[in-house]
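Asker: One line per chain: the protein sequences are A and B, in this order. FYI, in this note's numbering the residues of the first sequence are -8 to 193. FYI, in this note's numbering the residues of the second sequence are -8 to 193. We treat Cβ as the ideally placed atom computed from N, Cα and C, and that holds for glycine.
2 protein chains.
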Amino acid sequence: MLGPMTDVRWLTDDEQRIWRLFMNAVRDFNAHLDRQLRRDSGMPVAYYEILVHLSESPGRSLRMSELADLARSSRSRLSHAVAALEKAGYVSRCATDADRRGSVAQLTDAGFAVLEAAAPGHVTEVRKHLFDVLTPEQQRQLGAISGAVQDGLRPICAQALAEDAEAECAAGGDAAAGGAGGGGTAAQEPAPQAAPEPVTES
Amino acid sequence: MLGPMTDVRWLTDDEQRIWRLFMNAVRDFNAHLDRQLRRDSGMPVAYYEILVHLSESPGRSLRMSELADLARSSRSRLSHAVAALEKAGYVSRCATDADRRGSVAQLTDAGFAVLEAAAPGHVTEVRKHLFDVLTPEQQRQLGAISGAVQDGLRPICAQALAEDAEAECAAGGDAAAGGAGGGGTAAQEPAPQAAPEPVTES
DNA sequence: TACCTATAGTTGAGACCTCAACCAGAGCGT
DNA sequence: ACGCTCTGGTTGAGGTCTCAACTATAGGTA
């Protein structure tokens, strides 16, 4: 399921450096955007983006599943999110005529107003901390890199989100033997196996 | 506090395209890594990285605040995380001699074992979905881009995390008038003001 | 019609994160 | 010693996310 564990190709020093720069940049960037948006609009980015997708759709409304696809969200998460947004008065849900199990979410006027109010601050931060610190050339590069990563991931993620609705699994197990242990880095050791036992309550 | 809202520079179509590619790629990538690590080790990436930092430190131990800095985590979050990891038996906490209010976290043998077990699968996914889909040139570009973003963000994020400990605020208010409303996109309208009223319980 | 499966969406439990408040020791000035 | 402030770290409440189970309708097949 995870591919053969024997002889893992660890990251080189250069790769490690790039990897950590990337992770830290993304972490800081997202944290900053989220803080800013919460402060200004009392809403996390994930919710903001839901409103954005609705605002861009005809009639400012979308089927839940279409919205989930656009927002790259599991149906479960979207359901919780829309419930919260509905309670806040920013969206409303109603049934569809065609398919009686589906429901459509619609952006309310209050929701649109909040979006209008939040957008300038949000865009300003995005520009200031992403586009303004990159050259035009780097911006193009970032687009290409993002595209490549996403293309490789899309099928896997689509499947994972789809599994939200079904219950399908093929059992598979494998283990690989490792060598000796040393200092220990993010990616620098062989390994015996992989056994869960979640880090959780009780 | 948010800079002048008057005349916001919205994203161009090209910028919008890059922006969404980037966000989706990052979202999918992180989601994939997190799912994989949870499945294999019962632990979210954030926890995994804490163990990594500990494993790389002399004595496999660190002061909480040093660990927080390395992991780019608020002290609060780290405290909760280490509490969970301690309950799982992966780290242990004890007081320091020098400063009796500080405490140091140390990776246990069980923690190191879990790390060893988790590392191969994790690295394999990072390689497969990041480095393998990029050219060497793109990898370098990604490093440079990440560095630029992080440099611009570091002071702000450092300050934000520091504020976890204090309570400091300067009040400031501003509002800007906007124009007419249209279709509404992620970044395409003027705006009246920004008023919180969180999307939350009650 | 009855059954069987797939799809649309919701729900509850529990884990993780954020925010604000809090305790305790350190450091300094008096 | 006393008081004041700053720093290291924890705690509790509440919000969001994940996972797994669940309801209900749709669609196909006998």
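#1: Anything in chain B within Cβ reach of L125 (chain A), meaning under 7 Å, just list it in chain order.
#2: In angstroms, rounded to a whole number, what distance separates the CA positions of R68 (chain B) and G80 (chain A)?
#3: List, in chain order, every chain B residue whose beta-carbon is nearer than 9 Å to that of I41 (chain A).
#4: Hey, is H71 (chain A)'s beta-carbon within less than 8 Å of any beta-carbon in chain B?
#5: How big is the Cα-Cα spacing for M14 (chain B) and A104 (chain A)?
#6: Between the C-alpha atoms of R131 (chain B) and Q132 (chain A), what's the straight-line distance to the nearest angstrom?
#7: In angstroms, rounded to a whole number, what distance separates the CA positions of S56 (chain A) and R66 (chain A)?
#8: Does the beta carbon of C148 (chain B) come closer than 8 Å to any beta carbon on chain A?
#9: How far does the beta strand (DSSP E) with V86 (chain A) in it reach, from first residue to last?
#10: At what residues does the beta strand (DSSP E) containing R54 (chain A) begin and finish?
#11: Does chain A have any CB closer than 8 Å to the CB of Q130 (chain B)?
#12: Tell me which same chain residues have a C-beta within less than 8 Å of the C-beta of A75 (chain A), skipping the five on either side of it?
#13: Under 8 Å between the Cβ atoms of H120 (chain B) and L144 (chain A)?
#14: Taking its Cβ as the centre, do 16 or more other Cβ atoms sit within 10 Å of A149 (chain A), making it buried, or is it exposed?
#15: Apply the 10 Å Cβ neighbour rule to T126 (chain B) and answer buried if 16 or more other Cβ atoms are within range, or exposed otherwise.
#16: In the DSSP output, what is L98 (chain B) paired with across the bridge?
#17: Taking the C-alpha atoms as reference points, what is the distance between A108 (chain A) and R29 (chain A)?
Answerer: This is what the structure gives:
#1: If you number the first sequence from 1, residue 125 (chain A) lands on position 134. Those are I136 and A139, listed as they occur along chain B.
#2: In the second sequence, the residue the question calls residue 68 (chain B) occupies position 77. In the first sequence, the residue the question calls residue 80 (chain A) occupies position 89. Rounded to whole angstroms, R68 (chain B) to G80 (chain A) spans 31 Å at the Cα level.
#3: Position 50 of the first sequence, counting from 1, holds the residue named residue 41 (chain A). Ordered by position in chain B, no residue passes the 9 Å Cβ test against I41 (chain A), which lies about 11 Å from the chain.
#4: Walking along the first sequence from the start, residue 71 (chain A) turns up at place 80. Judged by the 8 Å Cβ criterion, H71 (chain A) is not in contact with chain B.
#5: Indexing the second sequence from 1 puts residue 14 (chain B) at position 23. Indexing the first sequence from 1 puts residue 104 (chain A) at position 113. Using only the alpha carbons, I get a separation of about 24 Å.
#6: Taking the second sequence and counting its residues from 1, one reaches residue 131 (chain B) at position 140. Taking the first sequence and counting its residues from 1, one reaches residue 132 (chain A) at position 141. Rounded to the nearest angstrom, the two C-alpha atoms are 11 Å apart.
#7: The count along the first sequence starts at 1 and reaches residue 56 (chain A) at position 65. The count along the first sequence starts at 1 and reaches residue 66 (chain A) at position 75. If I take the Cα positions, the gap works out to 7 Å.
#8: Residue mapping note: residue 148 (chain B) aligns to position 157 of the second sequence, counting from 1. Interface residue, yes.
#9: As a first step, residue 86 (chain A) is located in the first sequence; it is residue number 95 there, counting from the start. Reading off the sequence, residue 86 (chain A) comes out as Ala, not Val. It spans V82 to A86 - the beta strand (DSSP E) in which A86 (chain A) sits, taken as one unbroken run.
#10: Translated into positions along the first sequence, residue 54 (chain A) becomes position 63. Segment S52 to R54, the beta strand (DSSP E) holding R54 (chain A).
#11: For the purposes of this step, residue 130 (chain B) is identified with residue 139 of the second sequence, where counting begins at 1. Yes, contact with chain A.
#12: Taking the first residue of the first sequence as 1, we reach residue 75 (chain A) at position 84. Counting only Cβ-Cβ distances below 8 Å, and skipping sequence neighbours, we find Y38.
#13: For the purposes of this step, residue 120 (chain B) is taken as the residue at position 129 of the second sequence. For the purposes of this step, residue 144 (chain A) is taken as the residue at position 153 of the first sequence. Their beta carbons are under 8 Å apart, which means H120 (chain B) touches L144 (chain A) by this criterion.
#14: The residue given as residue 149 (chain A) occupies position 158 in the first sequence. Classification for A149 (chain A): exposed.
#15: Working through the second sequence from its first residue, we reach residue 126 (chain B) at position 135. So T126 (chain B) ends up on the exposed side.
#16: Indexing the second sequence from 1 puts residue 98 (chain B) at position 107. According to DSSP, which records beta bridges pairwise, L98 (chain B) is partnered with B:V82.
#17: Stepping through the first sequence from its first residue, residue 108 (chain A) is reached at position 117. Stepping through the first sequence from its first residue, residue 29 (chain A) is reached at position 38. Taking the straight line from one Cα to the other gives about 13 Å.
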